[in-house]
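First comes the structure, then the notes that go with it.
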Amino acid sequence: MAADYAKMSDDLRHFYDFTGKTVLFIGAAGKQLLDPSTPVKKLVAIDKDVKALEALRSSVAAQGLSGRVEVVGGDFEEVNVRCDAVYLEFCLHEMDDPLRALQHAKSLAADLVVYDHAAGSEWIYYGAEQDKVAHSSAVMREYGIRRQETFQAEQRFATYDELYAKISPQGELAIERIERFKGQSDIVIPFSYELNLL
371 MAADYAKMSD
381 DLRHFYDFTG
391 KTVLFIGAAG
401 KQLLDPSTPV
411 KKLVAIDKDV
421 KALEALRSSV
431 AAQGLSGRVE
441 VVGGDFEEVN
451 VRCDAVYLEF
461 CLHEMDDPLR
471 ALQHAKSLAA
481 DLVVYDHAAG
491 SEWIYYGAEQ
501 DKVAHSSAVM
511 REYGIRRQET
521 FQAEQRFATY
531 DELYAKISPQ
541 GELAIERIER
551 FKGQSDIVIP
561 FSYELNLL
């Protein structure tokens, strides 16, 4: 197992109460740290990766949540759904213009909840994402963070091949950086992440 996703979901639940709210969930094709069964008024789950959303769509249907959860494939910046909260899950650092994304989100909701990597995390070094994360973190600070919590965890891999499978989609630089783990087992890489309320 890589990160402890159950703990990460629990951290989110304690950080912000989504109960009874209409929520735009951006980056919903990932691990879904915001459980679709959370008692929201309405959850609109959005991601550009339409194929990856199929698993979420199937899960929502299997849980009988289709009346409360809407799954939408497309670009967040083209969505204009008024809501109580916009929740961005490990995707702000991937956006071409994080400031524009935050401004758009704020035009839709009073609360923005951003769950993402913490700048300086060792894990993002190996994923070759430190510049992206530093940029999105700086944008959030400039925009105005009302509350922030940082968490320390670990990414764990039984073998190098398992680590390679996780990291390789990040490209050649990331693959080069994990070379030092070749031949190792029980690999542990420190991982820090944060929750921000804007």
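With the working numbering, the residue at position 95 of the sequence shown is 465, and numbering never jumps. Yeah, the Cβ is synthetic: ideal placement off N, Cα and C, and Gly gets one too.
Item, Value
"Here's a check: name, in chain order, each residue in its chain whose Cβ is nearer than 8 Å to the Cβ of Gln518, leaving out the five neighbours to either side.", "Glu564, Leu565, Asn566 and Leu567"
"Among the candidates Tyr496, Glu424 and Leu458, whose CA atom is the shortest distance from the CA of Gln525?", "Tyr496"
"Using three-state DSSP, classify Met371 as helix, strand or coil.", "Unreliable placement is indicated for Met371, whose pLDDT of 47 sits below 50; no coordinate value is reported for it."
"For His505, which residues in the same chain have their Cβ closer than 8 Å to its Cβ, ignoring the five residues on either side in sequence?", "His463 and Pro468"
"For the stretch 385-404 against the stretch 531-540, do three or more pairs of beta-carbon atoms, one drawn from each stretch, fall closer than 8 Å, so that the two count as touching?", "no"
"To the nearest angstrom, how far is the alpha carbon of Ile515 from that of Leu458?", "14 Å"
"Can you give me the C-alpha to C-alpha distance between Leu403 and Thr520, rounded to a whole angstrom?", "16 Å"
"By DSSP, does Glu542 sit in helix, in strand, or in coil?", "helix"
"Using a Cβ-Cβ cutoff of less than 7 Å, which residues in the same chain neighbour Ile416 once the five nearest sequence positions on both sides are dropped?", "Leu394, Phe395, Ile396, Ala398, Val442, Gly444, Phe446 and Val449"
"Find out if the Cβ-Cβ distance for the pair Phe561, Ser507 is shorter than 8 Å.", "no"
"What number of angstroms, rounded off, separates the C-alpha of Lys502 from the C-alpha of Ala471?", "14 Å"
"If I follow the unbroken beta strand (DSSP E) through Asp486, where does it start and stop?", "Asp481 to His487"
"Helix, strand or coil for Leu555? Go by DSSP, reduced to three states.", "According to the sequence as given, residue 555 is Ser; it is not Leu. Correct three-state label for Ser555: strand."
"Compare the beta carbon distance of Ile557 and Phe551 with 8 Å and say whether it is the shorter of the two.", "yes"
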